[in-house]
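The structure appears below as structure tokens.
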Amino acid sequence: MNNYVYIIAGLPDFTPDWRQGEKSLDEYFGQMRELMSEKDNEVVDFIRRGFDKDQIGVEFYKAALSHRLGFIREFFRFDMDVRNRKVRYLNAALGRDIEKDVLSLRDPEAEETGLEPEEPEFKEESRLQSILEGSDILSRERGIDDLYWDKIDELTLFDYLNLDKILGMVAKMMIIRRWLILDEETGRIMFKKLVDEVRGTFKGVEYNE
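Quick note on our numbering: the sequence shown kicks off at 1309 and runs consecutively.
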């Protein structure tokens, strides 16, 4: 039996700038897991894997976009769209082919015949573009995470005591985790690591903050 009511009641009111108090984030994760079924815990693990850069790729997104749960399908479609637009932005800034290293789930044969659907409209396009054009790396990263946070709120707007609501909270907790481990120095060198988003090595390029 699932205990969604107790799980939600036992969690704090998470905000983007939440800081650990008497309980750590990991303790809250453990508390959730104890009250969730094995099947639901597998879904939680799937979402957490989606926040691990080393775990995601075409196969991950294929699984996410065909998942039985609507929240996972919608959230990771959004996530892939954001990542691809970040890659295109970097490509343009570095003078590379704009589509290089963009993740695509399209079937090449279907694309050649014109039967493959176009990439869906991304309604957050202008907001993301404004964020990417920001000069301060920490503000930019925070802006992107705020974009994710708002998307989670949108996807769970009418969810109250169900699994989707909990999965939205898990996604928010993963965003919080990232900022809990970031310090000022780490944030200031993130620009140099930003090229990892396109999984390439660029030689002879100066990265100035």
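Glycine residues also receive a C-beta, built at the ideal position from the N, C-alpha and C atoms.
Only buried fits ASP1389, as 16 or more other CB atoms lie within 10 angstroms of its CB. Minimum Cα-Cα distance from VAL1410 among the listed residues ASP1387, LYS1331 and GLY1451 corresponds to ASP1387. Scanning the region 1346-1415 from its first residue to its last, the whole alpha helix (DSSP H) runs of 4-plus residues come out as 1346-1357, 1366-1373 and 1378-1402.
By the beta-carbon neighbour count (other beta carbons within 10 angstroms, threshold 16), GLY1403 is exposed. For the pair LEU1436 and ARG1448, the CB atoms are not nearer than the 8 Å cut-off. Nearest in C-alpha terms to SER1412, of all of THR1464, ILE1364, ALA1400 and LYS1480, is ILE1364. Annotation for GLN1339: the continuous alpha helix (DSSP H) segment containing it runs 1333-1343.
Distance check between PHE1379 and each of ASP1360, TYR1314 and LEU1463 places LEU1463 closest, using alpha-carbon atoms only. MET1344 is positioned such that its CB atom lies closer than 8 Å to that of ILE1315.
Taking one beta carbon from each stretch, the region 1318-1328 and the region 1347-1357 have fewer than 3 pairs nearer than 8 Å; the two do not touch. Taking C-beta atoms as the reference points, MET1481 and LEU1377 fail to come closer than 8 Å. Nearest C-alpha to ARG1381 among ILE1406, PHE1368 and ARG1341: PHE1368. Taking C-beta separations shorter than 6 Å and ignoring five residues to either side along the sequence, the partners of ASP1453 in its chain run ILE1483, following chain order.
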